[in-house]
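Per mature numbering (1 follows the signal peptide of the UniProt record, and there is no 0), the sequence shown runs over residues -22 to -1, 1 to 413.
To keep things clear, I will list the structure first and then write my remarks on it.
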Amino acid sequence: MKKNLLGALAVTTALSPVAAMAQTEVQFWHAFTGRLGELVKAQVEEFNASQDEFVVVESHKGNYSETLNAGIAAFRAGEQPHILMVFEVGTATMMSAEGAIKPVYEVMAESGASFDPDAYIGAVKGYYTTTEGDMLSLPFNSSTPVLWVNRDAMEAAGVDPDTDLSTWEKVGEVLDQLKAGGEECPLVTAWQSWIHLENLSAYHDVPFASQDNGFAGLDTELMLNGPVQVAHLTAMGDWAKDGKFIYTGRRNEGGANFRAGECALFTESSAGYAGISSEAEFAFDVRPLPYWEAVVSEPQNTIIGGASLWVMEGHKADEYKGVGEFLSFLSSSDVQAAWHQNTGYLPITAEAGEATRAAGFYDENPGTDIAVIQMTAKEPTANSKGLRLGSFDQIRGIIDEELEAVWSGEKTAQEAMDSAKERGDALLRRFESAN
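Here you go:
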């Protein structure tokens, strides 16, 4: 994969053209639209107004996969941006793209911008650092899955909206009640692989892949076909068959259904807060992601999703100085606290989280601290630190296909996950061979 990626990138040190202007321009490509896109624009405008030496130009380049592909194509053409948003599943691929990226720790050191690696939350920072602790990309929008509850829909179906939903066993009972009470969409989900396989595994402290989920080496194999994963997917397959779990798509298609008030329960990113809080015309609350009490007496920790900001090679020193200043601005306590409070993404620094609590935000908005607690209450294990797998975007596509076969009843959960392992391992071997 490394050879293919670098070949596609046509690694070069040619300087990208920047229009002659009084201010040094920094190009920032991202994947946000809607409310999140508005908030990114506001961050950029605030930075640009705060100084007159640099101007950041933000550009939306499609969804996460499309933004990554746009960055690759731009590098091939020698027109790469300074900063590229890459979702977490692309981390291993970017780490392998030597000559295409400029590590954040180098950018910050050379730019002289304020930067303290120890200020970042360990569970977030660890995803994007080397084994030596050097930060390769800047955590930007980090989230973790939670359970969103439509309180009005629960009441309409005759279910107490304050009922305990801490375990999947209890959720199963509530789904029965919701269905019996006339609810047509008892449960919907976003990002099915991320929530119901990757986070399920971490939350129950079982491996998703060997070699510490890929952190310990490239010779990793998928382990997503174990008894815990298969039991969970079997239950969800039964719920799908009975009309208690409604499948709407591989990404976040279910978000529109939930925000419109059409579904009672929704497993989704904590960052769903931005859209739900601004669009929902019903009472809602947020709960921790459920766990299987039959597997663990208490859950471990969930892992992050979202994206980080990678700095691309091939630009001038004064432009990298602007990059460093902008990344420092994004990491500042005030900016991070506002981002966390407006979006539901995790505060990437401990100081931003403490400032949010001190301001009374969590008291005024119950449940908004659940994602932080869920991520940081326990020290991560080798199974719950995160995932670092090559070709993971493609592997997710395979997993999505196999999960769809479970939801439709075409395959058992065991058959589907055995197939996902076989097909995914083939991609991992190709990535290992190339690197």
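Note that CB positions come from ideal geometry on N, CA and C, so glycine has one too.
Quick caveat: nothing in here was measured; it's all calculated off a predicted structure.
Asked: Do Trp217 and Leu165 come within 8 Å of each other at the CB atom, strictly closer than that value?; Found: yes
Asked: Contact between the stretch 117 to 126 and the stretch 344 to 356 is defined here as three or more beta-carbon pairs at a separation below 8 Å; is this criterion met?; Found: yes
Asked: Taking C-beta to C-beta, are Ile61 and Trp146 nearer than 8 Å?; Found: no
Asked: Out of curiosity, what's the CA-to-CA distance linking residue 430 and Ala52?; Found: Here the chain has residues from -22 to 413 only, and residue 430 is not among them.
Asked: Run through DSSP, which three-state label would Thr327 get?; Found: strand
Asked: With a threshold of 16 other CB atoms inside 10 Å of the CB of Pro277, please say whether the residue is buried or exposed.; Found: buried
Asked: Asn191 and Lys363: beta carbons closer than 8 Å?; Found: yes
Asked: Which value, in whole angstroms, describes the spacing of the CA atoms of Val22 and Thr321?; Found: 16 Å
Asked: Which residues does DSSP pair with Phe65 in a beta bridge?; Found: Ala285
Asked: In terms of DSSP beta bridges, what is Leu243 paired with?; Found: Val127, Leu165
Asked: Based on the DSSP output, what are the partners of Trp270 in its beta bridges?; Found: In the DSSP output, where bridge partners are listed per residue, Trp270 has none listed.
Asked: Within its chain, find whatever has a CB closer than 7 Å to the CB of Leu405; leave out the 5 residues flanking it on each side and keep chain order.; Found: Ser369, Gln372, Ile373
Asked: Out of curiosity, what's the CA-to-CA distance linking Met201 and Ala412?; Found: 22 Å
Asked: May I ask which residues mark the beginning and end of the beta strand (DSSP E) holding Ser179?; Found: Here Ser179 belongs to no beta strand (DSSP E); instead the alpha helix (DSSP H) covers 178 to 181.
Asked: Look up Arg229 in the DSSP assignment and give the residues it is bridged to.; Found: According to DSSP, Arg229 bridges with nothing at all.
Asked: Could you give the C-beta distance for Lys148 and Asp154, rounded to a whole number, given that I count them as a contact under 8 Å?; Found: About 11 Å separates the two Cβ atoms, so there is no contact after all.
Asked: Using a threshold of 8 Å, state whether the C-beta atoms of residue 466 and Thr359 are closer than that.; Found: This structure does not reach residue 466, given that the chain is present from -22 up to 413, and the question cannot be answered.
Asked: Considering Asn119, what are the terminal residues of the alpha helix (DSSP H) in which it resides?; Found: That residue, Asn119, is in no alpha helix (DSSP H); its beta strand (DSSP E) goes 116 to 121.
Asked: Where do the ends of the alpha helix (DSSP H) carrying residue 470 lie?; Found: Residue 470 is absent from the model: the chain starts at -22 and stops at 413.
Asked: List, from N- to C-terminal side, the beta strand (DSSP E) runs of 3 residues or more that fit wholly inside the stretch 42 to 99.; Found: 61 to 65
Asked: Shorter than 7 Å, the distance from the beta carbon of Asn279 to the closest heavy atom of the ligand ZN, or not?; Found: Here there are no bound small molecules, and the ligand ZN is not part of this structure.
Asked: Can the beta-carbon of Ala134 be found less than 8 Å from the beta-carbon of Ser248?; Found: no
Asked: What does Asp403 pair with, by DSSP beta-bridge criteria?; Found: BP columns for Asp403 are empty, so no partner.
Asked: In this structure, how does DSSP classify Phe25 when only helix, strand and coil are distinguished?; Found: helix
Asked: For Asn343, I'd like the list of residues in its chain whose CB is within less than 6 Å of its CB, leaving aside the five on either flank, ordered along the chain.; Found: none
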